[in-house]
């Protein structure tokens, strides 16, 4: 898994969380979110775009994860 190789890459966490939101259980979603918050990712193209946007500057890592995952899910829906 990408999150084990580079835990600091927020994009990988967002993609995994988006996958869990799409087909996973609440328990799996909570586990991904908890693990992401624990490692505090700081890198990734999407992650930085979301976390450094002015409205999101003071939000928590969990909120950044949710926003990035929603962005991924919306992109996937547009492709379908």
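In the numbering used here, the protein residues as written are 7 to 86. Every residue gets a Cβ at the ideal spot worked out from N, C-alpha and C, and that includes glycine. The structure presented is a predicted model; accordingly, all values stated were derived computationally and were not measured.
Judged by DSSP secondary structure, residue 57 falls within the alpha helix (DSSP H) whose first and last residues are 51–57.
Taking residue 56 as the centre and dropping the five residues before and after it, the same chain places the C-beta of 62, 70, 73, 74, 77 closer than 7 Å to its C-beta, in chain order. According to the DSSP assignment, residue 77 belongs to the alpha helix (DSSP H) that extends over 67–85. Every alpha helix (DSSP H) stretch that sits fully inside the segment 26–50 and reaches 4 residues is listed by chain position as 32–45.
Counting only residues of its own chain and dropping the five nearest sequence neighbours on each side, residue 20 has a CB closer than 7 Å to the CB of 52, 53, 71, 74, 75, 78.
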